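Visitor: Residue numbers for the sequence shown follow the numbering used here, beginning at -4 and rising by one. For every residue, glycine included, the Cβ atom is placed at its ideal position computed from N, Cα and C. The structure presented is a predicted model; accordingly, all values stated were derived computationally and were not measured.
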Amino acid sequence: MLSTAGRASTGGTVTPERPLRADARRNRARILAAAEEVFAERGASASTEEVAARAGVAIGTVFRHFPTKRDLLAAIMKELRGRLVGKADALAAEGDPATAFFDYFGYLVESSARIGTVVGLLAEEGTAIEPGAQITALTGAFGSLLDAARRAGAVRGDVRLDEVMALVTATTHGALAGGWSDDLRRRTLARILDALRPAGR
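1) On a Cα-Cα basis, can you pick out the residue from S139, F100 and A190 that is closest to M160?
2) Measuring CA to CA, which of P193, V163 and A19 is closest to A108?
3) Decide yes or no for the touch test of the stretch 139 to 157 against the stretch 85 to 105: beta carbon pairs closer than 8 Å, at least 3 of them.
4) Using CA coordinates, which residue listed in F61, A28 and E120 is at the minimum distance from A39?
5) Quick check on this structure: which residue in D66, R65, I54 and L79 has the alpha carbon closest to the alpha carbon of L198?
6) Could you give the first and the last residue of the continuous alpha helix (DSSP H) run that contains F58?
7) With DSSP as the reference, label G148 as helix, strand or coil.
8) What's the C-alpha gap between S176 and R155?
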């Protein structure tokens, strides 16, 4: 069985696994990016062979990095979660609270569809995702952006984080269940964001 903690040496001590070579790291990143696209497009019908073809690597390379489909899906989920937090940090660092908050709201709506797809596929594979870690990461990142936007007067002072998260969830669900066009999704999102701004902004 593969272990992320390390491996036992002949002397009985545990030594850390060697870090991936540069080419292996590149292949892993290409596989994850390709898998995210393929699963988003094809859902449960997606195959590992399609992922390998999209990534431009041999099927054996995929299996060396991710022995099972479940391993691949779990890695995608970890990547998505880290990207959500990283995006919030990057927007906050740019210094404009209004742009950071409203751009992140839109980014969450875009990303939630892919997250939902991966969660559903993991459930089909028999792996339940504990939502606590996701919610904690999202609320922490989004909460900081909301606080800054409120202080800057870019968002109404009575807007609460749980309300904002509910709007993200409702918008994402509506877009997925209703098969919204890109234009309808953009117009709906613009309406929601306008409602969060103070009067006259």
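Guide: Quick look at the numbers:
1) Looking up residue 160 in the sequence shown gives position 165. The shortest Cα separation from M160 among S139, F100 and A190 belongs to F100.
2) In the sequence shown, residue 108 corresponds to position 113, counting from 1. The candidate whose alpha carbon is nearest that of A108 is V163.
3) Yes, the stretch 139 to 157 touches the stretch 85 to 105.
4) On the sequence shown, position 44 is the one that residue 39 refers to. Selected option, being the one with the closest Cα: E120.
5) This structure does not reach residue 198, given that the chain is present from -4 up to 196, and the question cannot be answered.
6) Here residue 58 is taken as the residue at index 63 of the sequence shown, counted from 1. From DSSP, the alpha helix (DSSP H) with F58 extends over I54 to H60.
7) Mapped onto the sequence shown, residue 148 falls at position 153. It is coil, neither helix nor strand.
8) By one-based count along the sequence shown, residue 176 stands at place 181. By one-based count along the sequence shown, residue 155 stands at place 160. Here the C-alpha atom of S176 lies approximately 29 Å from the C-alpha atom of R155.
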